[in-house]
Amino acid sequence: MVPLERAILNTLVWFDLWHQPLTAFECWYFLWNEDGLVADSIPSEVSSALISLENKKLVKINRNFWQLADSPSYTEERLARARWSIGKRQRAERVAKLIMKLPFVRLVALANTNASEGAKRDSDIDLLIIVKAGRIFLSRLLITTLVQLLGWRRHGVKVANRICLSFYLADNELNIKSLAYPDDPYLIYWLASLQPLADFGTFNNLLADNAWAQNFIPHRYLVFKAANTQTVANSKLIWPEQALVGRLGDVLEYGARRLQLFLISRHKDSRLGDGSSAVVVSNNILKFHESDQRPQLAKNFRERQQQILAKYI
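The numbering used here numbers the first residue of the sequence shown as 1424 and each following residue consecutively.
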């Protein structure tokens, strides 16, 4: 079994779960290197391996998009989702610029399927927000208020094209490996697909602190390191942030924390404290993913992986 061909099949298996065929470059870009054997491959080698797999009738190509041969064609769906993603990204960029004007915000990044142009027409817009340590609850309160006033916040049945504010990190705890399940390809690809919208010099720190994920998707991280991320000027620290770094800020953070912990405690069906990392509430991480499908996705991935690799053997 050729290691590169196996890695390509594994990559296409994962994206097949999302009905997302890939270009040859994307196959290299997102190459799943779980076995650690293909970190040094180059795009032309992946292109040649794809042709070899096509000759073996394991993959097929349609309009320059590659996918597993035994799946229905997802090309038109992929193109439609790319079109839908344009408007979603534009809204995300607008709200990111406004959020970055608030004190203590260090990074706003586009996450999940929106970051990889795989969002459905009626999906929301997921953001990862990183804030200054010691101000996570105050920052969340300010950000939620802003997005609510704009009429863009996801809540209740209002989902389509709304902003989902469900994941915050403090800038002193950027390593999220503690949130990973024993088998968690979703979290690894989630990290790899993040797209910074507004950055206060924090995105590279996020990548560095999560270097463990680089072992699985090395080429994506090579591109990250080569790219220049957009940053905002540090003049935002002058006001009002400097006025809130001392005693006044501590009091407001304490009040915001008390309020939010009270509101969170009222959700009796929450997964908080169920032993998973679906919902996490701490002074450094606020994560609210009640419908966390990562274990099931990993199971689906492994089952489909075995099915496809059995044909290869």
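Where is the CB? At the ideal position from N, CA and C, for every residue including glycine.
Given that a residue counts as buried once 16 or more other Cβ atoms are within 10 Å of its Cβ, and exposed if not, what is A1583? Against the sequence shown, residue 1583 aligns to sequence position 160. It counts as exposed.
Start and end of the beta strand (DSSP E) containing I1599? On the sequence shown, position 176 is the one that residue 1599 refers to. Looking at the DSSP string, I1599 is not in any beta strand (DSSP E), and its letter there is neither H nor E.
Could you tell me the alpha carbon to alpha carbon distance between T1536 and A1679, rounded to whole angstroms? Residue numbering aside, residue 1536 sits at position 113 when the sequence shown is read from its first letter. Residue numbering aside, residue 1679 sits at position 256 when the sequence shown is read from its first letter. Cα to Cα, T1536 sits roughly 31 Å from A1679.
Could you pull the DSSP bridge partners for V1528 from this structure? Start at 1 with the first residue of the sequence shown, and residue 1528 comes out as number 105. For V1528, the pairing in a beta bridge is given by DSSP as V1554.
Below 7 Å CB to CB, which residues in the same chain sit around L1608 once its five sequence neighbours on both sides are set aside? Here the question's residue 1608 lines up with position 185 in the sequence shown. Looking at the sequence provided, one finds Pro at residue 1608 rather than Leu. Only W1437, A1721, F1724 meet the Cβ criterion.
Roughly how many angstroms lie between the CA atoms of F1488 and R1689, to the nearest whole one? Here the question's residue 1488 lines up with position 65 in the sequence shown. Here the question's residue 1689 lines up with position 266 in the sequence shown. Looking at the backbone, the Cα of F1488 and that of R1689 are separated by about 47 Å.
What's the gap between the Cα of V1668 and the Cα of A1532? For this step, residue 1668 is matched to residue 245 along the sequence shown. For this step, residue 1532 is matched to residue 109 along the sequence shown. Computed Cα separation, rounded: 24 Å.
From this set, S1494, R1486, R1514, which residue's C-alpha is nearest L1502's C-alpha? Taking the first residue of the sequence shown as position 1, residue 1502 is located at position 79. Among S1494, R1486, R1514, the Cα nearest to that of L1502 belongs to R1486.
Comparing alpha-carbon positions, which option in Y1735, Q1683, Q1719, Q1729 lies nearest F1711? Looking up residue 1711 in the sequence shown gives position 288. Checking every option, the nearest Cα to that of F1711 belongs to Q1683.
Going by CA-CA distance only, name the one from V1554, S1562, T1568, S1546 that's closest to E1803. Any property of residue 1803 remains undetermined from this structure, which presents the chain solely from 1424 to 1736.
Contact check, L1617 vs L1709 under 8 Å by CB: the rounded distance? Here residue 1617 refers to the residue found at position 194 when the sequence shown is read from its first residue. Here residue 1709 refers to the residue found at position 286 when the sequence shown is read from its first residue. The Cβ separation is near 17 Å, so there is no contact.
Within its chain, find whatever has a CB closer than 7 Å to the CB of N1598; leave out the 5 residues flanking it on each side and keep chain order. As a position in the sequence shown, residue 1598 is number 175, starting the count at 1. Cβ within range, chain order: D1632, N1633.
In terms of residue numbering, what span does the beta strand (DSSP E) encompassing L1592 cover? As a first step, residue 1592 must be located in the sequence shown, where it is residue number 169. First-last of the beta strand (DSSP E) with L1592: 1590–1593.
Following the continuous beta strand (DSSP E) through D1622, name the residue where it begins and the one where it ends. Position 199 of the sequence shown, counted from the start, is the residue given in the question as residue 1622. From DSSP, the beta strand (DSSP E) with D1622 extends over 1618–1622.
Restricting to Cα atoms, I'd like to know which of R1643, N1595, L1427, K1480 is closest to G1557. Translated into the one-based positions of the sequence shown, residue 1557 becomes position 134. When only C-alpha atoms are compared, the closest one is N1595.
Could you tell me which residues DSSP pairs with L1533 in its beta bridges? Taking the sequence shown and counting its residues from 1, one reaches residue 1533 at position 110. L1550, Q1618, per the DSSP bridge assignment.
Terminal residues of the continuous beta strand (DSSP E) containing F1453? On the sequence shown, residue 1453 is found 30 positions in, with the first residue counted as 1. Where F1453 is concerned, there is no enclosing beta strand (DSSP E), because DSSP gives it neither an H nor an E.
Evaluate contact between the segment 1507–1519 and the segment 1619–1638, counting only Cβ atoms and requiring at least three cross-stretch pairs below 8 Å. Output reads yes: the segment 1619–1638 touches the segment 1507–1519.
Option in E1726, L1732, A1615, T1625 with minimal Cα separation from F1453: On the sequence shown, position 30 is the one that residue 1453 refers to. With distances taken between Cα atoms, F1453 lies closest to A1615.
Terminal residues of the beta strand (DSSP E) in which V1580 lies: Against the sequence shown, residue 1580 aligns to sequence position 157. No beta strand (DSSP E) holds V1580; DSSP gives it neither H nor E.
How is I1731 classed by DSSP in three states: helix, strand or coil? By 1-based counting over the sequence shown, the position of residue 1731 is 308. Three-state DSSP puts I1731 in a helix.
Just grab the DSSP bridge partners of W1489 for me. To locate residue 1489, count along the sequence shown from 1; it is residue 66. DSSP, once it has assigned bridges, lists L1445, I1484 as partnering W1489.
Any idea what DSSP makes of L1476, helix, strand or coil? Residue 1476 sits at position 53 when you count from the first residue of the sequence shown. Here L1476 sits in helix by DSSP.
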